[in-house]
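In this note's numbering, the protein residues as written are -3 to 215.
Think of the CB as a built atom: it goes at the ideal place given N, C-alpha and C, for glycine as much as any other residue.
The structure under discussion appears below in the form of structure tokens.
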């Protein structure tokens, strides 16, 4: 895996040099709040546990499923049983609750003649099915999940893998995300970061719609 540049290097965003656009999934490509809430609450219900609190849900939205379950269930034996149950259940019933961002297809259609497109997500084994069910397979040149790297976001591994895959430098890719984990991953990878619908994040630019990615790139 490619190493990130030295932290004392000064990043300069030259939009004319951008060759790839990477997106987070949940909260950017999809409004998945209802789907993920139903998914975790279903698991908890099977074991007689209370539904998630808002604080627990906010954590689950950003982290991997394994990290979320570890937060939700403190008992080690119960956690092992829950993990085993989850591995045998399907995410399919919950995909219908996901709402694809309405501009997504149009944005990808404009981007793909000029840029490589990618996903960097802390989802694990559900990402491929999500893309399939929404007829998005083939619209991303590379999809990297938490299963594909040693460390999930906020570590930079997913973005570094994308850079290596495309054979480009950090300044030649932008990453669109909506969480602190996304911002930290981009910062560590030295990749320009566009914060989506979250003005609190430290970013190279802030956008409130996917269509603004096109404007940022001058399309």
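On the criterion of 16 or more Cβ atoms from any shown chain inside 10 Å, does residue i qualify as buried, or is it exposed?
{"i": "residue 13", "result": "exposed"}
{"i": "residue 36", "result": "buried"}
{"i": "residue 4", "result": "Low local confidence applies: a pLDDT of 31 at residue 4 is under 50, so the model's placement there is unreliable, with the coordinate-based value given in what follows. Residue 4 comes out exposed."}
{"i": "residue 30", "result": "exposed"}
{"i": "residue 10", "result": "exposed"}
{"i": "residue 43", "result": "exposed"}
{"i": "residue 149", "result": "buried"}
{"i": "residue 20", "result": "buried"}
{"i": "residue 111", "result": "buried"}
{"i": "residue 57", "result": "buried"}
{"i": "residue 121", "result": "exposed"}
{"i": "residue 133", "result": "exposed"}
{"i": "residue 188", "result": "buried"}
{"i": "residue 195", "result": "exposed"}
{"i": "residue 169", "result": "buried"}
{"i": "residue 131", "result": "exposed"}
{"i": "residue 87", "result": "buried"}
What residues match up with residue i in a beta bridge as DSSP calls it?
{"i": "residue 202", "result": "191"}
{"i": "residue 90", "result": "Residue 90 pairs with nothing; no bridge assigned."}
{"i": "residue 162", "result": "BP columns for residue 162 are empty, so no partner."}
{"i": "residue 173", "result": "191"}
{"i": "residue 95", "result": "27"}
Does the separation of the CB atoms of residue i and residue j fall below 8 Å?
{"i": "residue 104", "j": "residue 135", "result": "yes"}
{"i": "residue 40", "j": "residue 68", "result": "yes"}
{"i": "residue 191", "j": "residue 173", "result": "yes"}
{"i": "residue 219", "j": "residue 124", "result": "For residue 219 there is no data in the structure shown, the boundaries of the chain being -3 and 215."}
{"i": "residue 155", "j": "residue 185", "result": "yes"}
{"i": "residue 15", "j": "residue 162", "result": "yes"}
{"i": "residue 181", "j": "residue 152", "result": "yes"}
{"i": "residue 224", "j": "residue 17", "result": "With the chain running from -3 to 215 in the structure shown, residue 224 is simply not present."}
{"i": "residue 65", "j": "residue 83", "result": "no"}
{"i": "residue 113", "j": "residue 137", "result": "yes"}
{"i": "residue 212", "j": "residue 201", "result": "yes"}
Kindly say whether residue i, judged by its beta-carbon, lies nearer than 8 Å to any beta-carbon of chain C.
{"i": "residue 153", "result": "The displayed structure is made up of one protein chain only, and chain C is not part of it."}
### Contact the segment 78 to 97 vs the segment 19 to 28: 3+ CB pairs below 8 Å
At 8 Å Cβ cutoff, the stretches touch.
### Stretch pair the segment 68 to 78 + the segment 171 to 181: three plus CB contacts closer than 8 Å
Flag = no, the segment 68 to 78 and the segment 171 to 181 do not touch.
### Query
If we count Cβ pairs, one from each stretch, closer than 8 Å, do we get three or more for the segment 48 to 55 versus the segment 199 to 211?
Using a C-beta cut-off of 8 Å, the segment 48 to 55 makes no contact with the segment 199 to 211, since fewer than three inter-stretch Cβ pairs fall below that distance.
### Message
Does the structure place the segment 111 to 119 close enough to the segment 131 to 150 that three or more beta carbon pairs sit under 8 Å?
### Response
Using a Cβ-Cβ distance cut-off of 8 Å, the segment 131 to 150 and the segment 111 to 119 are in contact, since at least three pairs of beta carbons, one from each stretch, lie closer than that value.
### Query
Curious, which full-length beta strand (DSSP E) runs of at least 3 residues does the segment -3 to 82 contain?
Counting only runs of 3 or more residues that sit fully inside the segment -3 to 82, the beta strand (DSSP E) segments are 16 to 19, in chain order.
#### Entry: 3-residue-minimum beta strand (DSSP E) runs that sit fully inside the segment 113 to 151, ordered along the chain
You should have 138 to 140.
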